[in-house]
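Numbering (this note's numbering), first residue to last: 6 to 103. Contents: one structure, followed by commentary.
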Amino acid sequence: MRLIVSRLKSKDSFDTLLDMAAAKDFIDIESSLKFSNAELDSIKAKVPNITLDKEVKAALKNIKAQIEIYNSEALTHNAEIIDVSERRWIAIMESKVA
C-alpha cells in the first residue's frame with residue numbers, strides 16, 4: 006500500500022512535516038476480510054485471463070478524457086491538476102478482478 010501525500014504549499018508546512026510522527030505502517034484488518042497468500046496467488050494467476058467489456062473500456066477512456074479537459078482548464082485558472090500516471094492506469098488494469 007502506498008500513502009499519497011500532497012505537495013507542501015508553504016515553508017511552515019515543511020517544519021510541521023519534519024516534526025510529525027511516522028505514519029502507522031500496520032493497519033488492523035477485520036479477520037473476515039483477510040485472505041491467504043495462496044488465495045492471493047490464485048487471484049493473481051487468473052487476472053491475465055480476464056478481459057474488460059467494451060463498456061468498461063469506454064468508461065475509463067471517458068474518465069481519462071474528462072481529467073484531461075479538467076486539467077487544461079485548471080492550468081488556465083492556476084488550480085491543481087489531477088495527475089494520473091500511466092503507472093496508475095496500469096495498476097487499475099492489474100486490479101481488474103476487484
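Quick reminder that beta carbons are idealized off the backbone N, C-alpha and C, glycines included. All values reported here derive from a predicted model rather than from experimental measurement.
- Taking C-beta separations shorter than 6 Å and ignoring five residues to either side along the sequence, the partners of ILE86 in its chain run ASN76 and ALA79, following chain order.
- Beta-carbon to beta-carbon, ILE72 and VAL89 are separated by about 6 Å, close enough to satisfy the 8 Å threshold.
- Of LEU22, TRP94 and HIS82, the smallest CA-CA separation from LYS66 is found for TRP94.
- Beta-carbon to beta-carbon, GLU99 and VAL52 are separated by about 7 Å, close enough to satisfy the 8 Å threshold.
- Its Cα nearest to that of ALA96, the residue LYS49 stands out among ALA63, LYS49 and ASP20.
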